[in-house]
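First the structure, in the form of structure tokens, and then the observations on it.
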Amino acid sequence: MSVQLGQPASIVCSELSYRYPNAPTAAVDGISLDVGAGDVVALVGPSGCGKSTLLRLVAGLLSPVSGALTIGDVETARLTPEKRNIGWVPQSYALFDHLTVAGNVGFGLKARKVPKSERADRVEEALKLCRIEEFADRRPADLSGGQRQRVAIARALATKPRVLLLDEPLAALDPQLRKALRADLAALLRDSGVTSLLVTHDQTEALAMADRVAVMRSGRIEQYAAPEVLWKRPVNAFVAEFVGAAAVLEATKLSGAEYELTPGLSAVVDLDDQADHVTVAVRAGDLRIDPAGVGLRVLAREYTGDGWLLSGQFDNGSTVGLVAEDSAEIGSTITVSLKPGTRLSAVQK
Amino acid sequence: MTTPDAMTTPDAMTTPVAMTTPVAPPRKDPVVLIGKICAWLAVLICLLPIPLVIAVATTRSWRQGFWAGGFTLHWLSEGWGRIAGNFGYSLQVAVGVLLIDLAIGFPAAWLLARRRFRGRRLASAITTMPIAIPGIALALGLILTYPGLRPSGMLLVAGHVLYTTPFLIGTLTPALGNPKLRELEQVAVTLGSPGPHRLLTVTVPSIRTALLAATILVLTLSLGEFNVSFFLFTPIEQPLPVELYSGYVTNRLEIAAASTVWFLIMVVPAAVVLELAGGAKVGQA
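Chains A and B are the protein sequences, given in the same order. For the first sequence, the residue numbers in my numbering are 1 to 349. For the second sequence, the residue numbers in my numbering are 1001 to 1285.
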């Protein structure tokens, strides 16, 4: 199904900055970001990295201290939120409890004085797109978390926004429900065709839902790339560690593109410029238990359901994680090797 | 390699230990017990005058004791005849006071809840100050400052406004400052809702509980206020509490008690609605 409710617009942030009153540092520090029309982009990063602040700047709920913001062809940084033609879905969904689901979805249309007949059609269209037609007469208090989320998105889409902004759209849901609704939400955003900028602290959500992901730290974007690129070629140790919890190790050149991580364990490293010493990202999925491998002293273990996530230390002091079918005693030594064909990414420290 | 510990002893997870061991009922805490007794005593002391007043108002001749000479509704009928006019006047004053309170108090509460400005704490303290000032002082202050307004009855209204506005502001400020309400308003803004539309369709409905509580609070406070009313009433019309006082001083006790019963009938339902509307939680939107 491809129902396009609004004409999607690009978002271009140029050197955008914001500092909260009396804060010692900027929450958003000169960010430049280009979101293509119709793209789904995720802002991801640890708490306090500025991702929600950036979203609120795009929404117009905060005014930047410097920089430019363009939505479509319109310079937007000084426009009030009601003139930006955006859809905003906050973490709590913020549904109007005194209105029915249909009343919520039609709220923006009524505020914009859309004629009654057209309003009814557009409410129905949005309810249908979000598959909540049967709840039209219910009150938000009578809905589940997932249904409430859909109402909030339908309400935002009903006004045909050029951009949809979602702040932690899955955070208010139970962990079990969150995973189930992730694919649902991703499909809904694609069906709507609207440019979507979403904030999440969960890198799995970001990788699963977005066309491109911006990894943020301390008010700046560390890397902005497609999920596969982020995973395979993280630009630095922070991105490698945050996206996929990679271990970052020092490696020494053996020959050509082959580098040694610890005596007896070497790998091919993707590098533009060959150097004698590089820093590489090793993910838990890159290693395997191998009787012919090198020794790894087990430091911790965690049962994941499918198997065990073990973390351990090589003799040279480097620590890594790996996924194993069976557990191992903490303090014991197991032998590991890299999976065949593994190519590691070089990252900046 | 080992197997997980939990998997080797599954029984430990499933054996219903609690069902095989009888559990003794928890012992009552004496402090809680004493607290409960004190609380119920306090309730009893507060409520005792009500049945007493009803008994006096329905006794033919109170001097001879409870229901001496028989039960009668005569005093209630006579009491209503005496206070009906005063009740109408007090209600008019209360409604006027409420409208003025809302016109002054709502913007003030909004400002105190939403804006961080220099002198905000001082402004907050000033808005609540009349609560701490005795009614007599308020009334005398008004008489001395605006003596010309007294005959019109406007001074009485002004006195009630001074007395009740802090309660309205105190009830509305936390509701207007609730972060959930602010988020609702932000969503409304992004949906294209202009200020007045947002106020009427989001803000007011979202704080309806606090608004209802504030309304009832102001009406009941104004209806029952004595100190300010006693000093500021005009000879032409007397507010209800002043008439009640006058009844106890000059009339038979039975008539005064009957007037009090009517007063309670007017005020108690409002207090019950106030409690049902949220009571101590009225500040929450």
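Backbone N, C-alpha and C define an ideal beta-carbon position, used for all residues, glycine too.
query, result
"Assess contact between the region 1054–1067 of chain B and the region 1246–1261 of chain B, defined as three or more Cβ pairs (one per stretch) separated by less than 8 Å. Is contact present?", "yes"
"Rounded to whole angstroms, what's the CA-CA distance from Gln-223 (chain A) to Val-235 (chain A)? Just pull it up for me.", "7 Å"
"Using the beta-carbon count (16 or more within 10 Å), is Ala-23 (chain A) buried or exposed?", "exposed"
"Which residue comes first and which comes last in the beta strand (DSSP E) that contains Ile-86 (chain A)?", "86–89"
"Is Trp-231 (chain A) close to chain B? Criterion is C-beta to C-beta, closer than 8 Å.", "no"
"Our contact map puts Pro-227 (chain A) next to Leu-198 (chain A) with C-beta atoms below 8 Å; I'd like the distance itself, whole angstroms only.", "In fact, because the Cβ distance is near 13 Å, the residues do not count as touching under 8 Å."
"Please report the Cβ distance between Val-123 (chain A) and Val-105 (chain A), rounded to the nearest whole angstrom; I am assuming they are in contact, meaning their Cβ atoms lie under 8 Å.", "5 Å"
"Buried or exposed: where does Phe-1071 (chain B) fall if 16 or more other Cβ atoms within 10 Å of its Cβ makes it buried?", "exposed"
"Using a Cβ distance threshold of 8 Å, determine whether the region 1081–1099 of chain B contacts the region 1242–1250 of chain B, with at least three qualifying pairs required.", "yes"
"Checking the sheet assignment: what are the DSSP bridge partners for Asn-236 (chain A)?", "A:Gln-348"
"Within 10 angstroms of the Cβ of Asn-85 (chain A), are there 16 or more other Cβ atoms? Answer buried if so, exposed if not.", "buried"
"Check whether the region 1156–1168 of chain B touches the region 1197–1206 of chain B, counting contact only when three or more Cβ pairs, one atom from each stretch, lie closer than 8 Å.", "no"
"Under the assumption that Gln-274 (chain A) contacts Asp-167 (chain A) (Cβ atoms under 8 Å), give the Cβ distance between them as a whole number of angstroms.", "The Cβ separation is near 44 Å, so there is no contact."
"Who does Arg-220 (chain A) pair with in a DSSP beta bridge?", "A:Arg-217"
"Taking Cβ-Cβ distances below 7 Å as the criterion, which residues of the region 1037–1066 of chain B are in contact with chain A?", "none"
"From the DSSP output, in three-state form, read off Leu-114 (chain A) for me.", "It is worth fixing the name first, because residue 114 (chain A) is Val in this sequence and not Leu. If DSSP states are grouped into helix, strand and coil, Val-114 (chain A) belongs with coil."
"Take every Cβ of the region 25–38 of chain A, pair it with every Cβ of the region 46–62 of chain A, and state whether three or more of those distances are shorter than 8 Å.", "yes"
"Give a yes or no on whether the minimum CB-CB distance between Ala-111 (chain A) and chain B is below 8 Å.", "yes"
"Which residues in chain A sit within 8 Å of Pro-1194 (chain B), going by Cβ to Cβ distance?", "Glu-82, Ala-111"
"When the Cα atoms are used, what is the spatial distance from Ala-187 (chain A) to Ala-210 (chain A)?", "11 Å"
"Applying a beta-carbon distance threshold of less than 7 Å, which residues of chain A neighbour Leu-1184 (chain B)?", "Ala-94, Phe-96"
"For the region 93–107 of chain A and the region 120–139 of chain A, state whether three or more C-beta atom pairs, one from each stretch, are separated by less than 8 Å.", "yes"
"On the DSSP bridge assignment, give the partners of Arg-268 (chain A) in chain order.", "Before going on, a small fix: residue 268 (chain A) reads as Val here, not Arg. The partner list for Val-268 (chain A) (beta bridge, DSSP) reads A:Glu-258, A:Arg-343."
"Would you please verify whether the beta carbon of Pro-140 (chain A) is less than 8 Å from any beta carbon of chain B?", "no"
"Please report whether the beta-carbon of Ala-59 (chain A) lies at a distance below 8 Å from any beta-carbon of chain B.", "yes"
"Let me confirm a value: Val-1095 (chain B) is counted as buried when at least 16 other C-beta atoms fall within 10 Å, else exposed. Which label applies?", "exposed"
"Please compile the residues from chain A whose C-beta is within a distance smaller than 7 Å of the C-beta of Thr-1250 (chain B).", "What Thr-1250 (chain B) touches in chain A: nothing, since even the nearest Cβ is about 51 Å away."
"Count the other CB atoms, across all protein chains shown, that sit within 10 Å of the CB of Leu-1044 (chain B); report buried if there are 16 or more and exposed otherwise.", "exposed"
"State the CB to CB distance for the pair Ala-111 (chain A) and Ser-1193 (chain B), rounded to an integer number of angstroms; the pair is presumed to be in contact (CB under 8 Å).", "4 Å"
"With a threshold of 16 other CB atoms inside 10 Å of the CB of Ile-334 (chain A), please say whether the residue is buried or exposed.", "buried"
"In the DSSP assignment, the beta strand (DSSP E) including His-277 (chain A) goes from what residue to what residue?", "277–282"
"Could you compute how far the alpha carbon of Ala-1012 (chain B) sits from the alpha carbon of Gln-176 (chain A)?", "Bear in mind that the predicted position of Ala-1012 (chain B) carries a pLDDT of just 39, short of 50, making it unreliable; the figure below should be weighed with that in mind. Going by the C-alpha atoms only, they are around 26 Å apart."
"Give, in chain order, every residue of the region 66–90 of chain A whose Cβ lies closer than 9 Å to some Cβ of chain B.", "Thr-80, Pro-81, Glu-82, Lys-83, Arg-84, Asn-85, Ile-86, Gly-87, Trp-88, Val-89, Pro-90"
"Nearest-angstrom Cα distance between Phe-1066 (chain B) and Val-1093 (chain B)?", "37 Å"
"Where does Glu-1183 (chain B) sit, in a helix, a strand or coil, going by DSSP?", "helix"
"Under a CB-based cut-off of 8 Å, is Thr-159 (chain A) close to chain B?", "yes"
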